[in-house]
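Visitor:
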Amino acid sequence: MNKRLYYTGEVARMAGVTVRTVRFYDREGLLSPSAHSEKGYRLYTDEDVLQLQKILALKYLGFSLDEIKCCLQIAPYELGEWLLLQKIMLREKRMQLDSILQAIEKTEQMLRAGAGDWHTLLHIIQMMQQEQAGDWRRKYLDEWQVKRLEELSRTHYTEAQRQKLAEWGKDFGEEEQKQASLRWERIGGELRRMVREGIAPESPEAQQLVAEWLDLMQGFTHGDPDIIESLKRMHTDIKQMSPEQRPFQLPYEGEEEAFLYRALALYEQRR
Numbered sequence: 001m002n003k004r005l006y007y008t009g010e011v012a013r014m015a016g017v018t019v020r021t022v023r024f025y026d027r028e029g030l031l032s033p034s035a036h037s038e039k040g041y042r043l044y045t046d047e048d049v050l051q052l053q054k055i056l057a058l059k060y061l062g063f064s065l066d067e068i069k070c071c072l073q074i075a076p077y078e079l080g081e082w083l084l085l086q087k088i089m090l091r092e093k094r095m096q097l098d099s100i101l102q103a104i105e106k107t108e109q110m111l112r113a114g115a116g117d118w119h120t121l122l123h124i125i126q127m128m129q130q131e132q133a134g135d136w137r138r139k140y141l142d143e144w145q146v147k148r149l150e151e152l153s154r155t156h157y158t159e160a161q162r163q164k165l166a167e168w169g170k171d172f173g174e175e176e177q178k179q180a181s182l183r184w185e186r187i188g189g190e191l192r193r194m195v196r197e198g199i200a201p202e203s204p205e206a207q208q209l210v211a212e213w214l215d216l217m218q219g220f221t222h223g224d225p226d227i228i229e230s231l232k233r234m235h236t237d238i239k240q241m242s243p244e245q246r247p248f249q250l251p252y253e254g255e256e257e258a259f260l261y262r263a264l265a266l267y268e269q270r271r
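If you read the sequence shown in the UniProt record's numbering, its first letter stands for residue 1, the second for the next number, and so on.
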């Protein structure tokens, strides 16, 4: 069956963009026409229209042209990692813009009081930057989430355990948190994919994923058996909460969690 073909103008109207936009993506190598008419006009298929919709969606999410090219070539579960990274970057950008607005508002107040100048603005900016650098958690969690995590920590960990965790976390800064978050999200995405595709828990890729999971756990617990047990109890309690009550979204649950534990048991047997 012959595929339906569309001229550039038709594709532009279907996507809600200009003809110039469609031609621009063609020049950038993102949206090449599937055919040309006898007179040399570009012709596009339904698949090309879908490709254009993907491009526009990624552009709306703030991806650069080079990043869009990469995203269009990867599998859906890998796209999740790109979206997570973009979300983290946009959150940081939003916080940066909020800080700028706060600095402007504080300086305006000083100017109205007749006590502000360029030195005042610079001082306010420096003070805000120092304050933000003091607690990286607030770059990734809102105030309610921080409080809920602190409550759960007091409930599930002893004072001695909290002191250990605080000591271990002294060198765990913003970049380490970002990388750990990405790794946990990737593990969750991989677990969902493996369950969806029916991959066996004893397969090499499942066992490799278990090794990465254990490495992340080791980084947090340092192998301390009491802290591991406390962490398990807290994880169980969070699972029993409604989504609105949880301080954060668990990276895996249900079938994915059962798959992980089966793979973990096999990993330990082989060790």
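For each residue, glycine too, the CB sits at the ideal point set by N, CA and C.
1. In terms of residues, what are the limits of the alpha helix (DSSP H) holding Leu43?
2. According to DSSP, which residues form a beta bridge with Ser7?
3. Output the distance between the C-alpha atoms of Trp82 and Arg186, rounded to the nearest integer angstrom.
4. CB of Asp48 to nearest heavy atom of the ligand GTP: below 7 Å?
5. If you compare alpha carbons, which of Asp98, Ser99, Ala57 is closest to Leu79?
6. Rounded to the nearest angstrom, how far is the Cβ of Leu85 from that of Leu182, given a contact under 8 Å?
7. Buried or exposed: Ser230, going by 16 or more other Cβ atoms within 10 Å of its Cβ?
8. Using a threshold of 8 Å, state whether the C-beta atoms of Pro33 and Tyr25 are closer than that.
9. Under the three-state reduction of DSSP, which class applies to Asp135: helix, strand or coil?
10. Touching or not, the region 195 to 209 and the region 217 to 229, by the rule of three or more beta carbon pairs under 8 Å?
11. Hey, quick one: how far does the alpha helix (DSSP H) through Pro204 stretch, first residue to last?
Guide: From the atom records:
1. No alpha helix (DSSP H) contains Leu43, which is instead part of the beta strand (DSSP E) from 42 to 44.
2. The displayed chain sequence assigns Tyr, not Ser, to residue 7. DSSP lists Leu43 as partners of Tyr7.
3. Taking the straight line joining both Cα atoms gives about 10 Å.
4. The ligand GTP is not among the ligands present in this structure, which contains no ligands whatsoever.
5. Ala57
6. 7 Å
7. buried
8. no
9. A caution first: Asp135 carries a pLDDT of 47, below 50, which makes its placement in the model unreliable, though a value can still be read off. Here Asp135 sits in coil by DSSP.
10. no
11. 204 to 221
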